[in-house]
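Participant: Protein chains in written order, with our numbering: chain Z, 1 to 237; chain H, 238 to 474; chain Y, 475 to 711; chain P, 712 to 948.
Quick reminder that beta carbons are idealized off the backbone N, C-alpha and C, glycines included.
Quick caveat, the model's predicted, so the values are computed rather than measured.
For reference, the structure I am asking about is given below.
There are 4 protein chains.
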Amino acid sequence: MIIAMYEELTIKPPFFEIGPKAFFYGERMLKLAKAADEASAKYDVRIILTPQPTDIYLLAKETENLLIFAQHMDPLPIGRGLGSILPEAVKAAGAVGVMLNHAEKPMTMADLYKAIRRADEVGLATIVCADSIREAEAIALFGPNIIVAEPTELIGTGQTSDEEYVRATTWAIKRINPDIQVLPAAGIKNGQDVYNVIKAGAEATGTTSGIMKAEDPEAMMDEMICAVRVAWDEVHC
Amino acid sequence: MIIAMYEELTIKPPFFEIGPKAFFYGERMLKLAKAADEASAKYDVRIILTPQPTDIYLLAKETENLLIFAQHMDPLPIGRGLGSILPEAVKAAGAVGVMLNHAEKPMTMADLYKAIRRADEVGLATIVCADSIREAEAIALFGPNIIVAEPTELIGTGQTSDEEYVRATTWAIKRINPDIQVLPAAGIKNGQDVYNVIKAGAEATGTTSGIMKAEDPEAMMDEMICAVRVAWDEVHC
Amino acid sequence: MIIAMYEELTIKPPFFEIGPKAFFYGERMLKLAKAADEASAKYDVRIILTPQPTDIYLLAKETENLLIFAQHMDPLPIGRGLGSILPEAVKAAGAVGVMLNHAEKPMTMADLYKAIRRADEVGLATIVCADSIREAEAIALFGPNIIVAEPTELIGTGQTSDEEYVRATTWAIKRINPDIQVLPAAGIKNGQDVYNVIKAGAEATGTTSGIMKAEDPEAMMDEMICAVRVAWDEVHC
Amino acid sequence: MIIAMYEELTIKPPFFEIGPKAFFYGERMLKLAKAADEASAKYDVRIILTPQPTDIYLLAKETENLLIFAQHMDPLPIGRGLGSILPEAVKAAGAVGVMLNHAEKPMTMADLYKAIRRADEVGLATIVCADSIREAEAIALFGPNIIVAEPTELIGTGQTSDEEYVRATTWAIKRINPDIQVLPAAGIKNGQDVYNVIKAGAEATGTTSGIMKAEDPEAMMDEMICAVRVAWDEVHC
Numbered sequence: 001m002i003i004a005m006y007e008e009l010t011i012k013p014p015f016f017e018i019g020p021k022a023f024f025y026g027e028r029m030l031k032l033a034k035a036a037d038e039a040s041a042k043y044d045v046r047i048i049l050t051p052q053p054t055d056i057y058l059l060a061k062e063t064e065n066l067l068i069f070a071q072h073m074d075p076l077p078i079g080r081g082l083g084s085i086l087p088e089a090v091k092a093a094g095a096v097g098v099m100l101n102h103a104e105k106p107m108t109m110a111d112l113y114k115a116i117r118r119a120d121e122v123g124l125a126t127i128v129c130a131d132s133i134r135e136a137e138a139i140a141l142f143g144p145n146i147i148v149a150e151p152t153e154l155i156g157t158g159q160t161s162d163e164e165y166v167r168a169t170t171w172a173i174k175r176i177n178p179d180i181q182v183l184p185a186a187g188i189k190n191g192q193d194v195y196n197v198i199k200a201g202a203e204a205t206g207t208t209s210g211i212m213k214a215e216d217p218e219a220m221m222d223e224m225i226c227a228v229r230v231a232w233d234e235v236h237c
Numbered sequence: 238m239i240i241a242m243y244e245e246l247t248i249k250p251p252f253f254e255i256g257p258k259a260f261f262y263g264e265r266m267l268k269l270a271k272a273a274d275e276a277s278a279k280y281d282v283r284i285i286l287t288p289q290p291t292d293i294y295l296l297a298k299e300t301e302n303l304l305i306f307a308q309h310m311d312p313l314p315i316g317r318g319l320g321s322i323l324p325e326a327v328k329a330a331g332a333v334g335v336m337l338n339h340a341e342k343p344m345t346m347a348d349l350y351k352a353i354r355r356a357d358e359v360g361l362a363t364i365v366c367a368d369s370i371r372e373a374e375a376i377a378l379f380g381p382n383i384i385v386a387e388p389t390e391l392i393g394t395g396q397t398s399d400e401e402y403v404r405a406t407t408w409a410i411k412r413i414n415p416d417i418q419v420l421p422a423a424g425i426k427n428g429q430d431v432y433n434v435i436k437a438g439a440e441a442t443g444t445t446s447g448i449m450k451a452e453d454p455e456a457m458m459d460e461m462i463c464a465v466r467v468a469w470d471e472v473h474c
Numbered sequence: 475m476i477i478a479m480y481e482e483l484t485i486k487p488p489f490f491e492i493g494p495k496a497f498f499y500g501e502r503m504l505k506l507a508k509a510a511d512e513a514s515a516k517y518d519v520r521i522i523l524t525p526q527p528t529d530i531y532l533l534a535k536e537t538e539n540l541l542i543f544a545q546h547m548d549p550l551p552i553g554r555g556l557g558s559i560l561p562e563a564v565k566a567a568g569a570v571g572v573m574l575n576h577a578e579k580p581m582t583m584a585d586l587y588k589a590i591r592r593a594d595e596v597g598l599a600t601i602v603c604a605d606s607i608r609e610a611e612a613i614a615l616f617g618p619n620i621i622v623a624e625p626t627e628l629i630g631t632g633q634t635s636d637e638e639y640v641r642a643t644t645w646a647i648k649r650i651n652p653d654i655q656v657l658p659a660a661g662i663k664n665g666q667d668v669y670n671v672i673k674a675g676a677e678a679t680g681t682t683s684g685i686m687k688a689e690d691p692e693a694m695m696d697e698m699i700c701a702v703r704v705a706w707d708e709v710h711c
Numbered sequence: 712m713i714i715a716m717y718e719e720l721t722i723k724p725p726f727f728e729i730g731p732k733a734f735f736y737g738e739r740m741l742k743l744a745k746a747a748d749e750a751s752a753k754y755d756v757r758i759i760l761t762p763q764p765t766d767i768y769l770l771a772k773e774t775e776n777l778l779i780f781a782q783h784m785d786p787l788p789i790g791r792g793l794g795s796i797l798p799e800a801v802k803a804a805g806a807v808g809v810m811l812n813h814a815e816k817p818m819t820m821a822d823l824y825k826a827i828r829r830a831d832e833v834g835l836a837t838i839v840c841a842d843s844i845r846e847a848e849a850i851a852l853f854g855p856n857i858i859v860a861e862p863t864e865l866i867g868t869g870q871t872s873d874e875e876y877v878r879a880t881t882w883a884i885k886r887i888n889p890d891i892q893v894l895p896a897a898g899i900k901n902g903q904d905v906y907n908v909i910k911a912g913a914e915a916t917g918t919t920s921g922i923m924k925a926e927d928p929e930a931m932m933d934e935m936i937c938a939v940r941v942a943w944d945e946v947h948c
């Protein structure tokens, strides 16, 4: 019995996640967001941007094509809970989705399950991070929209090719629920890395430091989004 | 040796803290904020409002007199830290301060100390919560701007009068650092409660559920801010 | 692909879990443990006892039949980690297993997965708690030995019978991995409650407050273990 | 008004803390503990040993002179709280004290305050860790028996001598409460380091990796305890 997913937001592949974490905020974030907004239209690639919660309102208002996702939210109901991030408040600020369970903000299994249910309830898509293939399968049972797969088991083992890595994670997740989209992320540093992952069959990929630490973040972002389009067309056209 | 406090924002007493926690957000929050903005001018009472992080930008932009404080922030530096609330991002969104260490979002002693330092660094005033008089003293050593004192030790003991309570907490904190402002909060339900606390000598008080759960939150807010002014004038004029 | 389970400890059903939490410790714990040790032999029922970590050594040494499980352990390796509970230390003290992810000590998904792997590595059986049927399925993917199922979804809905409850959870877990043992726990207060759960088809059940808060804990424990045996024989003989 | 301290256990200086963290446990821990037990008598130096919770019972039973402290405990009362470490259970197992708020197990300010009160209540001495001089002062207000001072502010600044460091921390704490004992700890690697700290005026010091990672931990421990005695006699005789 596959769990019902949030279905209002379907992200047409290929797509790309830009994760500013706590690197960019305010004006600097807005500048990158506007450039990404244009790149999304120019290359016909969907872009998920996960800004600081305080930036959601402005970015949602000032961009047209970006999919603004919160970095995290708490599964609490409306009411008490000072210091929390309320699902309804995230939605009201203009986000269309939320990231959950990143390795830098891990959630208990019970909270993760509740947060995905709360996201469905208020109308937010979910992108959930998994540390291993086995965890990706467990998360797949909870019915998120997207799973970010960074299986530390496989990375750096030497004999693991990009293709094997993408195939193994994708297969494991789709076996549980074929509607879940899979975003393999593994140290994407430039357009070539992006090209390789998409060429290997992925629907999506993403980066934080690849863009945030680039000398020219807007140029690097453009290079990466362009690489998504090129690789996607080679595989799918 | 008294620790240097953040001095750019001096809140002229009397003042009042409205804590929406996860009760109000988005449009509903904005409506109350605008009413509070007017009440602040009308009664010449400073109002601290601590909204959800996603509401900071809009509320700071749409109000003139309110002091918008974040409900919480993390003491991390710019960089990694997905799911965090970055001090610089809070400031950039328009907040002038931050609440820390509320009983619903308790901080480790090390993080609390760092967060107060970070607030000073980026230019945010701090309002820090204490569970007991002893904790209030410890927090006073860290040099926050305001301490919210809800000493569970004294509340509900029967023989404790409002005046004794306000005096004991205020004295304990001011003995460490006379520049720290003290906000006694103890189940404020209506204008009369507000009147009693300010009449007993407090510079400030505040509430969450007194307003959030009121039948007419805007009317109750107005009643409370008015009570602050009336009591203050009786004591100080 | 079913994940390899820890196989050195096979608990022959029926069995019963006594959870002292932070109610009993030291001498009082030892007295109950000795009585349970006798009851285990007398009724041919396996008893899992989860004492405070400080009591593991003494209870393992002073009992013969009890299965001593830690209440929790951390997934860290040998080395740094002050304030942790090291898997190897739990094993060395005489425990044969460990409980993980109880609602009062919830674990992140990543830590839970790692802790089950660490348990396998050092030779400890695992009894993992699940808040809902969906979480029980996700946990089943991680290959624990036993899952404690307390599906809040079903409890207290009125139309839910004990039998339905036991069947639904058991079926969901065994469908993922038939070797995982299922322990339904739902407010067991006396021997009759125990009888009903086992009679409904369960291999095991357990309690905390049913025994800890009983007027005569040893007598109540004896009544419950006896009820396990009676119900089991009625179903299986 | 100085807070009342736990006074049943007075540790006569000089003393030394050995912190096995999650390095040593079971038989290996017992071997080191027995050697330390002898060294304590031989050199007339009090030794605090903070083993894994599962080792407290055995070590307390098998040693005569060691002061066995838990690595951590939770401030909960007897009752619910699975996965916790109950103060009464720590005491019953034979510990005479507890370490609190180590950087690897940081506590919220409220929990730290409660845990010190609970320790006083059940009869456990407290050794509390502080990350900075300011935190050490705040902790001093809570009335612990010993403060471990590792002020990251001063360490590694180059111009900071051992003596300055010991004096600054000691003075700051004793100014708040002269009865609190101060244990400066700063990368103690061998007997010479121990000698320097005690020679600089400290009542105590301690180490984890200095002993745990030594080629011959028992020999290194003996060298360090001997250095405590030699330095102490040079200063105080």
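1) Given a threshold of 16 other Cβ atoms within 10 Å of its Cβ, counted over all protein chains shown, does residue 372 (chain H) qualify as buried or as exposed?
2) Residue 679 (chain Y) by DSSP, collapsed to three states: which one?
3) How long is the line joining the alpha carbons of residue 898 (chain P) and residue 921 (chain P), rounded to whole angstroms?
4) Nearest-angstrom Cα distance between residue 811 (chain P) and residue 768 (chain P)?
5) So, does the CB of residue 26 (chain Z) fall closer than 8 Å to a CB anywhere in chain H?
6) Please name the residue or residues paired with residue 553 (chain Y) in a DSSP beta bridge.
7) Return the first residue and the last residue of the beta strand (DSSP E) that residue 5 (chain Z) is part of.
8) Exposed or buried, which one is residue 526 (chain Y) when buried takes at least 16 other CB atoms within 10 Å?
9) Which chain H residues are close to residue 71 (chain Z), counting only those with a beta carbon under 7 Å from its beta carbon?
10) Would you mind reading off the limits of the alpha helix (DSSP H) that contains residue 895 (chain P)?
11) Can you tell me where the alpha helix (DSSP H) with residue 463 (chain H) in it begins and where it stops?
12) Can you tell me where the beta strand (DSSP E) holding residue 148 (chain Z) begins and where it ends?
13) What residue from H:432, H:245 and H:343 has the CA that sits closest to residue 252 (chain H)'s CA?
14) Have a look at Y:541, Y:576 and Y:571 and flag the residue whose alpha-carbon is nearest the alpha-carbon of residue 792 (chain P).
15) If you count every other CB in all the chains shown that lies within 10 Å of the CB of residue 72 (chain Z), and 16 or more means buried, which is it?
16) Please determine, among P:789, P:785, P:749 and P:761, the residue with the shortest C-alpha to C-alpha distance to residue 498 (chain Y).
17) With 8 Å set as the bound, which would you pick, yes or no: does the beta-carbon of residue 363 (chain H) sit closer than that to a beta-carbon of chain P?
18) Going by DSSP, what residues sit across from residue 771 (chain P) in a beta bridge?
19) Quick one: which residues of the segment 520-542 of chain Y get their C-beta closer than 8 Å to a C-beta of chain P? List them in chain order.
20) With a threshold of 8 Å between beta-carbons, can residue 6 (chain Z) be considered close to chain Y, or not?
21) Counting only beta-carbon atoms, is residue 231 (chain Z) nearer than 8 Å to chain Y?
22) Compare the C-beta of residue 671 (chain P) with all C-beta atoms of chain H and state if any pair is closer than 8 Å.
23) Could you tell me whether the Cβ of residue 852 (chain P) comes closer than 8 Å to any Cβ of chain H?
24) So, with DSSP's three-state summary, where would you put residue 344 (chain H)?
25) Can you give the beta carbon distance from residue 45 (chain Z) to residue 229 (chain Z), rounded, assuming they're within the 8 Å contact cut?
26) Does DSSP classify residue 322 (chain H) as helix, strand or coil?
27) Leaving out five residues before and five after residue 222 (chain Z) in sequence, what residues of the same chain have Cβ atoms less than 6 Å from its Cβ?
28) Have a look at residue 234 (chain Z) and residue 200 (chain Z) and give me their C-alpha separation to the nearest angstrom.
29) What did DSSP end up calling residue 617 (chain Y) once you bin it into helix, strand or coil?
30) Specify the secondary structure class of residue 360 (chain H) as computed by DSSP and reduced to three states.
31) If contact is defined by three or more beta carbon pairs under 8 Å, each pair taking one atom from either stretch, is the segment 591-598 of chain Y in contact with the segment 114-127 of chain Z?
32) Say whether chain Y places a C-beta atom closer than 8 Å to the C-beta of residue 902 (chain P).
33) Within a Cβ cutoff of 6 Å, which residues of the same chain sit near residue 550 (chain Y), ignoring the five residues on either side of it in sequence?
34) To the nearest angstrom, how far is the alpha carbon of residue 728 (chain P) from that of residue 849 (chain P)?
35) Can you name, in chain order, every residue of its own chain whose Cβ lies under 6 Å from the Cβ of residue 128 (chain Z), other than the five neighbours on each side?
36) Run the CB neighbour count on residue 494 (chain Y), radius 10 Å, all protein chains shown included, and call it buried at 16 or more, exposed below.
Facilitator: In short, the structure shows the following:
1) buried
2) strand
3) 8 Å
4) Taken atom to atom, the span from the alpha-carbon of residue 811 (chain P) to that of residue 768 (chain P) is near 19 Å.
5) yes
6) DSSP lists P:733 as partners of residue 553 (chain Y).
7) Careful: residue 5 (chain Z) lies outside any beta strand (DSSP E) and carries neither H nor E.
8) buried
9) Close to residue 71 (chain Z), with beta-carbon spacing below 7 Å, are these residues of chain H in chain order: 319 and 320.
10) No alpha helix (DSSP H) holds residue 895 (chain P); the beta strand (DSSP E) holding it covers 892-895.
11) 454-473
12) That run of the beta strand (DSSP E) goes 146-149.
13) Distance from the Cα of residue 252 (chain H) is smallest, within the candidate group H:432, H:245 and H:343, for H:432.
14) When only C-alpha atoms are compared, the closest one is Y:576.
15) buried
16) Selection P:789, P:785, P:749 and P:761 evaluated against residue 498 (chain Y) yields P:789 as nearest (Cα-Cα).
17) no
18) DSSP lists no partner for residue 771 (chain P).
19) Here the close residues are 524, 526, 527, 528, 529, 530, 531 and 532.
20) no
21) no
22) Beyond the ends of chain P as shown, which are 712 and 948, falls residue 671 (chain P); an answer cannot be given.
23) Under the Cβ distance rule, residue 852 (chain P) counts among the residues neighbouring chain H, one pair being separated by less than 8 Å.
24) coil
25) 6 Å
26) coil
27) 39
28) 11 Å
29) Three-state result, residue 617 (chain Y): coil.
30) It is coil, neither helix nor strand.
31) no
32) no
33) 558
34) 22 Å
35) 100, 101, 139, 144 and 147
36) Flag for residue 494 (chain Y) reads buried.
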